[in-house]
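Q: Dropping a structure here in structure tokens format, bear with me for questions.
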Amino acid sequence: MAIAQIRSVIEATGRWVRFRLEEVGRAGRFLGQLARALTDVRTWGPMATLQMRTLGVDSLPIGLLIAVFTGIVLALLASYSFTGAVPLYFVGTLVEKTTTLELAPVLTGLALAGRVGASIAAELGTMRVTEQIDALETLAYDPEAYLIVPRVVAGTVMFPLIVGVAMVVGLGAGWVASLGLLGLSSEEFLKGARLFYENFDITYGLVKAASFGFAVTVIGSYQGLQAEGGAEGVGHAATQAVVYSAVMILVLDAFWAMTWLHGRSG
Amino acid sequence: MKRSNDFIVGLVVLGSVVGIVAFALWLSQANLGSARREVVARFTDVGNAKVGNSVVIRGVESGHIESIELESTGWVLVRMALDHDVKLPGSPVVLLSESSMFGEWQATIMDRAAAPDDADVQQQLAQSGAAGHGALPGARLPDIAQLTAVAGRIAGDMSRVADRVQVAFDDRAAVELRQSIRNFADLSSELERTVRVQSQGLSQLSSDVHRTVTSVNATAMSLERTATRVDSSTSKGEIAQIMGNVNEASADIKATSHDLRDASHSFLATQQQLTSVLTHADSVLGKIDRGQGSLGLMVNDPSLYQNSDALLSQMRELVAEIRAHPGKYLSVKIF
Numbered sequence: 001m002a003i004a005q006i007r008s009v010i011e012a013t014g015r016w017v018r019f020r021l022e023e024v025g026r027a028g029r030f031l032g033q034l035a036r037a038l039t040d041v042r043t044w045g046p047m048a049t050l051q052m053r054t055l056g057v058d059s060l061p062i063g064l065l066i067a068v069f070t071g072i073v074l075a076l077l078a079s080y081s082f083t084g085a086v087p088l089y090f091v092g093t094l095v096e097k098t099t100t101l102e103l104a105p106v107l108t109g110l111a112l113a114g115r116v117g118a119s120i121a122a123e124l125g126t127m128r129v130t131e132q133i134d135a136l137e138t139l140a141y142d143p144e145a146y147l148i149v150p151r152v153v154a155g156t157v158m159f160p161l162i163v164g165v166a167m168v169v170g171l172g173a174g175w176v177a178s179l180g181l182l183g184l185s186s187e188e189f190l191k192g193a194r195l196f197y198e199n200f201d202i203t204y205g206l207v208k209a210a211s212f213g214f215a216v217t218v219i220g221s222y223q224g225l226q227a228e229g230g231a232e233g234v235g236h237a238a239t240q241a242v243v244y245s246a247v248m249i250l251v252l253d254a255f256w257a258m259t260w261l262h263g264r265s266g
Numbered sequence: 001m002k003r004s005n006d007f008i009v010g011l012v013v014l015g016s017v018v019g020i021v022a023f024a025l026w027l028s029q030a031n032l033g034s035a036r037r038e039v040v041a042r043f044t045d046v047g048n049a050k051v052g053n054s055v056v057i058r059g060v061e062s063g064h065i066e067s068i069e070l071e072s073t074g075w076v077l078v079r080m081a082l083d084h085d086v087k088l089p090g091s092p093v094v095l096l097s098e099s100s101m102f103g104e105w106q107a108t109i110m111d112r113a114a115a116p117d118d119a120d121v122q123q124q125l126a127q128s129g130a131a132g133h134g135a136l137p138g139a140r141l142p143d144i145a146q147l148t149a150v151a152g153r154i155a156g157d158m159s160r161v162a163d164r165v166q167v168a169f170d171d172r173a174a175v176e177l178r179q180s181i182r183n184f185a186d187l188s189s190e191l192e193r194t195v196r197v198q199s200q201g202l203s204q205l206s207s208d209v210h211r212t213v214t215s216v217n218a219t220a221m222s223l224e225r226t227a228t229r230v231d232s233s234t235s236k237g238e239i240a241q242i243m244g245n246v247n248e249a250s251a252d253i254k255a256t257s258h259d260l261r262d263a264s265h266s267f268l269a270t271q272q273q274l275t276s277v278l279t280h281a282d283s284v285l286g287k288i289d290r291g292q293g294s295l296g297l298m299v300n301d302p303s304l305y306q307n308s309d310a311l312l313s314q315m316r317e318l319v320a321e322i323r324a325h326p327g328k329y330l331s332v333k334i335f
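So the sequence lines, in the order shown, correspond to chains A and B. Note that the numbering used here has the first sequence beginning at 1, numbered continuously upward. Note that the numbering used here has the second sequence beginning at 1, numbered continuously upward.
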């Protein structure tokens with residue numbers, strides 16, 4: 001009896017390892033197919049602008065809304081932290097640095113992970129469970145080139161643009177909040193904002209945003225293509241897409257900080 | 001529908017790109033189109049100065065640092081973009097320094113004569129100026145960390161000195177110091193009193209001198225009158241007669257003085273002899289008084305008197321015996 005239980009535990013462990021390896025293999029095969037499909041520009045090109053509008057342009061409002069409130073909160077938070085110890089014009093420095101380097105890319109990325117990742121996973125999952133993707137294959141369409149690549153390209157291109165606009169709007173919101181709520185003059189806020197500004201700040205934020213866009217769209221597409229079992233499977237795929245996208249955004253954030261930001265002196 | 005998507009996406013992409021680029025240029029204070037004046041300065045060390053830091057002339061922000069380059073010769077060239085209409089001082093130098101305690105640096109362009117009179121700064125400026133033309137001499141002022149380190153050392157020294165003072169300045173030292181202060185107060189009072197007395201004395205002396213001067217003036221006037229009279233008397237020969245009489249009197253006085261001097265010398269010798277006699281007499285009398293010598297013994301020993309007296313009595317008895325019985329004592333035989 002005991003031997004049978006031990007055997008079942010070992011089998012479960014082996015099965016878990018096999019599933020994980022299979023998943024890694026599927027993901028690798030998916031990325032390989034994606035890279036191959038990237039060369040089929042004639043297929044994905046016409047679809048790209050539609051996806052760019054759906055994933056990018058239509059996501060601008062949520063990105064800007066997040067940026068506005070982020071800028072206001074940052075200004076107030078900096079003012080609260082600096083009171084009596086650090087000159088208030090450093091509010092501009094903190095708003096500029098944190099907005100461009102971290103908060104605009106990460107918060108916008110997380111918001112878009114929910115909106116874009118879930119949308120892609122649900123759409124592709126529905127197509128999978130309703131066998132529309134099988135139909136495309138039957139009609140000699142490359143599903144990766146026709147469905148996945150336009151979304152991945154759109155996400156990779158549009159995420160940095162949304163984040164860039166969010167940087168501008170976030171700094172502007174912090175500026176307005178500093179003028180209206182903190183009593184800072186424009187000269188003081190801009191002095192602080194320009195004090196330690198480098199073009200690297202924006203470059204770093206945009207590159208991070210591009211990596212977030214790529215990760216969110218790839219994860220959403222992969223989860224959608226893996227959906228099975230009807231509406232429940234589609235919902236599960238959408239949930240998995242959002243969760244994995246959010247985790248991947250934070251992982252990539254740490255990755256870029258360790259590989260690019262760490263050790264870099266102003 | 002597709003064309004509408006293309007337009008909207010294109011619009012958003014272009015707008016975003018333009019907005020982001022403009023945002024970056026605005027934050028970095030990039031120079032787009034406006035005329036700027038470039039000034040280059042040479043430094044041995046630029047500290048924590050960075051591209052974008054302010055350039056200040058006479059306290060007014062007039063530009064920013066555009067680039068910092070490390071030359072192969074070891075110098076650091078700092079290029080600064082200044083407003084076009086900015087006028088530089090006559091002999092300009094550039095000083096890099098912290099503009100606040102929070103790590104901000106700035107470049108200050110000033111006249112060489114106005115540069116801090118610090119040996120290190122002057123040396124940096126001299127070396128930079130001697131390195132060649134085409135760049136302004138530059139120097140870096142010590143940053144806050146260096147200053148606080150120096151202040152820390154000074155504070156440590158002060159602490160050690162305070163400790164030593166505390167060791168040296170015990171209760172006894174305090175008492176002695178208090179006593180010294182009191183003594184000094186007494187001394188100052190005494191000095192003040194002395195000065196007051198001296199001042200009074202000086203006042204008296206001054207008035208005496210004044211009176212003396214007055215007397216001298218009066219005397220001088222009298223002398224002047226006398227001289228006038230003498231002058232009028234000389235015409236009758238009285239002066240010559242007086243002078244002759246005076247000469248005679250003077251000769252007499254001189255002879256008398258000579259006699260007196262001889263008498264004085266004789267008197268001095270006599271006095272010395274008398275002193276010697278008195279000394280000897282005193283010595284003899286002292287010996288006699290102390291019982292030294294025969295005379296002293298005679299004077300001081302009563303037994304001698306008694307023996308002499310007894311001898312005289314015995315001799316008187318002997319003479320009487322001889323008178324009474326001459327044959328007992330005298331036997332005269334002839335043949």
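Ideal placement from N, C-alpha and C gives every residue a C-beta, glycine not left out.
To the nearest angstrom, report how far apart A/Ile62 and A/Gly56 are at their CA atoms.
A: In a straight line, the C-alpha of A/Ile62 is about 10 Å away from that of A/Gly56.
Q: For B/Val56, go through chain A and note every residue whose CB falls closer than 8 Å to its CB, in chain order.
A: Those within 8 Å of B/Val56 in chain A number zero; the least Cβ separation is about 13 Å.
Q: Does the separation of the CB atoms of B/Val78 and B/Ser67 fall below 9 Å?
A: For B/Val78 and B/Ser67, yes; Cβs fall inside 9 Å.
Q: Would a C-beta distance cut-off of 9 Å place A/Met167 and A/Thr100 closer than the cut-off?
A: Yes, Cβ-Cβ distance for A/Met167 and A/Thr100 is below 9 Å.
Q: For B/Val12, which three-state DSSP category applies?
A: Helix at B/Val12.
Q: Have a look at the DSSP bridge pairing and note the partners of B/Thr108.
A: The partner list for B/Thr108 (beta bridge, DSSP) reads B/Val56 and B/Leu95.
Q: Could you name the residues of the same chain whose beta carbon sits closer than 6 Å to that of A/Met127, not counting the 5 residues immediately before and after it, in chain order?
A: Within the same chain, A/Met127 has close Cβ partners Ile133.
Q: Strictly below 7 Å CB to CB, what residues from chain B border A/Ala67?
A: The premise fails here: A/Ala67 is roughly 12 Å from chain B at the closest Cβ pair, so nothing lies under 7 Å.
Q: Going along the chain, which residues of the segment 88-111 of chain A sit with their C-beta nearer than 8 Å to a C-beta in chain B?
A: Against chain B - using a Cβ distance shorter than 8 Å - the residues of the segment 88-111 of chain A are Phe90 and Glu96.
Q: Using the beta-carbon of each residue, which ones in chain B are nearer than 7 Å to A/Thr239?
A: The premise fails here: A/Thr239 is roughly 29 Å from chain B at the closest Cβ pair, so nothing lies under 7 Å.
Q: Using the C-alpha atoms, what's the distance from A/Glu22 back to A/Ile72?
A: So the two alpha carbons sit approximately 46 Å from each other.
Q: For the beta strand (DSSP E) holding B/Ala139, just list the boundary residues, first then last.
A: Element bounds for B/Ala139: Leu136 to Arg140.
Q: List the whole-angstrom C-beta distance separating A/Ala246 from A/Ala113, where the pair is believed to meet the contact cut-off of C-beta under 8 Å.
A: Confirmed, Cβ separation roughly 5 Å.
Q: On the three-state DSSP scale, how would you describe B/His210?
A: Note: B/His210 maps to helix in three-state DSSP.
Q: When you compare only the Cα positions, how much space is there between A/Ala78 and B/Gly52?
A: If you take the alpha carbons of A/Ala78 and B/Gly52, they lie about 23 Å apart.
Q: Can you pull out the residues from the segment 81-109 of chain B whose beta carbon lies closer than 9 Å to at least one beta carbon of chain A?
A: Against chain A - using a Cβ distance shorter than 9 Å - the residues of the segment 81-109 of chain B are Ser100, Phe102, Gly103 and Glu104.
Q: From B/Met158 to A/Val68, what distance separates their C-alpha atoms?
A: Going by the C-alpha atoms only, they are around 54 Å apart.
Q: So is A/Gly56 in contact with chain B if we call contact Cβ pairs under 9 Å?
A: Yes, its Cβ sits closer than 9 Å to a Cβ of chain B.
Q: Could you spell out where the beta strand (DSSP E) holding A/Met248 opens and where it closes?
A: That residue, A/Met248, is in no beta strand (DSSP E); its alpha helix (DSSP H) goes Ala231 to Trp256.
Q: In the structure shown, what three-state DSSP assignment does A/His262 receive?
A: A/His262: coil per DSSP, three-state reduction.
Q: Cβ closer than 9 Å: which chain B residues qualify as neighbours of A/Ala193?
A: In chain order: Leu27.
Q: Count the other CB atoms within 10 Å of the CB of A/Tyr80; is the residue buried (16 or more) or exposed (fewer)?
A: Per the 10 Å Cβ criterion, exposed.
Q: When we look at the beta-carbon of B/Pro302 and count the other beta-carbons within 10 Å, is it buried (16 or more) or exposed?
A: By the neighbour-count rule (16 or more Cβ atoms within 10 Å), B/Pro302 is not buried but exposed.
Q: Locate the alpha helix (DSSP H) running through A/Leu77, then write down its first and last residues.
A: Leu60 to Phe82 is the span of the alpha helix (DSSP H), which, as asked, contains A/Leu77.
Q: Using C-beta distances below 6 Å, list every residue in its chain close to B/Thr212, excluding the 5 sequence neighbours before and after it, in chain order.
A: Once the five neighbours on either side are set aside, B/Thr212 has no close Cβ partner at all.
Q: Are the Cβ atoms of B/Ala140 and B/Ser91 separated by less than 9 Å?
A: According to the sequence shown, residue 140 of chain B is Arg rather than Ala. Result no, Cβ atoms of B/Arg140 and B/Ser91 do not sit closer than 9 Å.
Q: Going by DSSP, what residue range makes up the alpha helix (DSSP H) through A/Leu124?
A: Taken as a continuous stretch (DSSP letters only), the alpha helix (DSSP H) holding A/Leu124 covers Ala118 to Val129.
Q: Taking the continuous alpha helix (DSSP H) assigned at A/Leu21, which residues delimit it?
A: Residues Ala2 to Leu38.
Q: Using the Cβ count rule (16 or more neighbours within 10 Å means buried), how would you classify B/Glu104?
A: B/Glu104 comes out buried.
Q: If I follow the unbroken beta strand (DSSP E) through B/Met80, where does it start and stop?
A: Taken as a continuous stretch (DSSP letters only), the beta strand (DSSP E) holding B/Met80 covers Val76 to Asp83.
Q: Hey, quick one: how far does the beta strand (DSSP E) through B/Ala41 stretch, first residue to last?
A: Residues Arg36 to Phe43.
Q: Please report the distance separating the alpha-carbon of B/Arg153 from that of B/Arg160.
A: Near 11 Å, if we compare the C-alpha coordinates of B/Arg160 and B/Arg153.
Q: Residues in the same chain with beta-carbon distance under 7 Å from B/Gln200, minus the five sequence neighbours each way, listed in chain order, please.
A: Cβ neighbours of B/Gln200 beyond the five flanking positions: none.
Q: So which of B/Ser222, B/Pro142 and B/Glu61 has the shortest CA-CA distance to B/Val46?
A: Here the closest residue by C-alpha is B/Pro142.
Q: Is the CB of A/Tyr146 under 9 Å away from at least one CB in chain B?
A: No, its Cβ sits nowhere closer than 9 Å to a Cβ of chain B.
Q: For B/Phe184, return the contacting residues in chain A, with the cut-off set at a CB-CB distance below 8 Å.
A: The contacting residues do not exist; B/Phe184 stays about 50 Å from chain A at best.
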